[in-house]
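Here is the structure we will look at.
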Amino acid sequence: MQHLITTADFTKEEILELFDDARMFLDMESSEVLKGKIIVNLFFENSTRTRSAFEMAAKRLGAQVISLDVGTSSTKKGETIFDTVTNINAMKPDAIVIRHSDCNIHSTLIDYVDCPIINAGAGKNAHPTQALLDLFTIIKHFDGDTEGKKVAIVGDVRTSRVAGSNKRLLPRFGMDVCFVAPDCFKDESDEFKQYDNISEIIDDVDVVMSLRTQLERHNEVYFQSLNDYAKDYCITSETFGDRDILLLHPGPVNRNVDISDEMLIDPRNKILEQVTNGVAVRMAVLKKLILQNSK
Ligand code: CP
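The sequence shown begins at 907 in the working numbering and counts up one residue at a time.
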């Protein structure tokens, strides 16, 4: 059985096939391809985009969705995630979508289930469907020509699972990833080029992926105020000038900290297109994993 725990679970060919399906699903027509299937959403961390997109994706494919309210579930009575997942699995769902703060829980949970597990966010490690929708958005923007494109991931790289997944996925499609961050947010490995300031590379980049500062994952206070951080790392119209650069952000955006109000209405920003693409890509992921497992 195939799960989606990291983007490495799919070959490049599988990803391109997923994107063929996602392109079809972009018309958002409803289909019956997953009629009779039931998908369970287990979100142990907050979410707007990912949870809603999985629900929409499932419903657009004719499946039914149960989103467990973790805040009122037996988790609050001390039930472990292993027991929660074992019990949900005993109800015979067709897929379980899980977001959790533990970086490695998803790969352990696959031993407890008889259906695909889809990682909807694992601590600071991985957010594979976000990276897939980011890649889909980039491929669409450049008409498939991603070879040699330079992508600067800006901000809290160290604790961002979006950076964690994209730094592995985008180079598989020929892209050159670098990071722009203050020292406290830099990647701990030296695998990628890292810069202190976006001005050092803005003339060379094709894509800027801005990140939210993950305050909830910090064990200490790095900046007295986010405004101090924003002085150097907020993407503004001055940062971009008239350069032809694609601006992405996984959301939620901290306005005027990650990206200025002005750049949020600039046509170079495709943040809402990312959200739309996120439904189509998740439709393709659900279809692939669930139908494969029903054969
Ligand atoms: N991009 C993303 O994961 O957003 P949510 O936290 O709202 O799901």
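Ideal Cβ positions, reconstructed from N, Cα and C, are used throughout, including at glycine.
Quick caveat: nothing in here was measured; it's all calculated off a predicted structure.
Given that a residue counts as buried once 16 or more other Cβ atoms are within 10 Å of its Cβ, and exposed if not, what is Gln1180?
Burial call: buried.
Look up Ala969 in the DSSP assignment and say whether it is helix, strand or coil.
DSSP places Ala969 in coil when its eight states are reduced to three.
Does DSSP put Asn952 in a helix, in a strand, or in coil?
Note: Asn952 maps to coil in three-state DSSP.
Rounded to the nearest angstrom, how far is the Cβ of Ile1024 from that of Leu1195, given a contact under 8 Å?
Indeed they touch by this definition, with Cβ atoms about 7 Å apart.
What residue ranges within the segment 969-1001 form continuous alpha helix (DSSP H) runs of no fewer than 4 residues, ordered along the chain?
Listed in chain order, they are 987-996.
If you follow the beta strand (DSSP E) that Met1115 is part of, which residue opens it and which one closes it?
That run of the beta strand (DSSP E) goes Val1113 to Ser1116.
Just to check my reading of the structure: Ile911 and Asp1000 have Cβ atoms closer than 8 Å, yes? What is that Cβ distance to the nearest angstrom?
In fact, because the Cβ distance is near 18 Å, the residues do not count as touching under 8 Å.
Do Phe950 and Ser1013 have their CB atoms nearer than 8 Å?
Cβ atoms of Phe950 and Ser1013: not closer than 8 Å.
Could you tell me which of Ile1002, Gly1027, Asp1051 and Met1189 sits nearest to Leu967, measuring between CA atoms?
When only C-alpha atoms are compared, the closest one is Met1189.
Assuming Ala969 and Ile1004 make a contact with CB atoms under 8 Å, what is their CB distance in whole Å?
With a Cβ gap of about 17 Å, Ala969 and Ile1004 do not count as contacting.
If Arg1067 sits next to Lys1030, beta carbons under 8 Å apart, how far is it from one beta carbon to the other, in whole angstroms?
5 Å between Cβ atoms; contact.
Tell me, please, which residues DSSP counts as bridged to Lys1099.
DSSP, once it has assigned bridges, lists Cys1084 as partnering Lys1099.
Does the beta-carbon of Gln1036, which I'm using as the reference point, lie nearer than 7 Å to any heavy atom of ligand 1?
Flag set: Cβ of Gln1036 near ligand 1.
Taking 7 Å as the cut-off, does the CB of Ser953 come closer than this to any heavy atom belonging to ligand 1?
Ser953: yes, Cβ under 7 Å from ligand 1.
Kindly examine ligand 1 and report whether one of its heavy atoms sits closer than 7 Å to the Cβ of Pro1158.
True, at least one ligand heavy atom lies under 7 Å from that Cβ.
So, with DSSP's three-state summary, where would you put His1124?
The answer is coil: DSSP assigns His1124 none of H, G, I, E or B.
Taking the C-alpha atoms as reference points, what is the distance between Ile1171 and Phe916?
Rounded to the nearest angstrom, the two C-alpha atoms are 34 Å apart.
Are there three or more Cβ pairs, one per stretch, closer than 8 Å when the segment 1122-1141 is compared with the segment 1073-1088?
A contact exists between the segment 1122-1141 and the segment 1073-1088.
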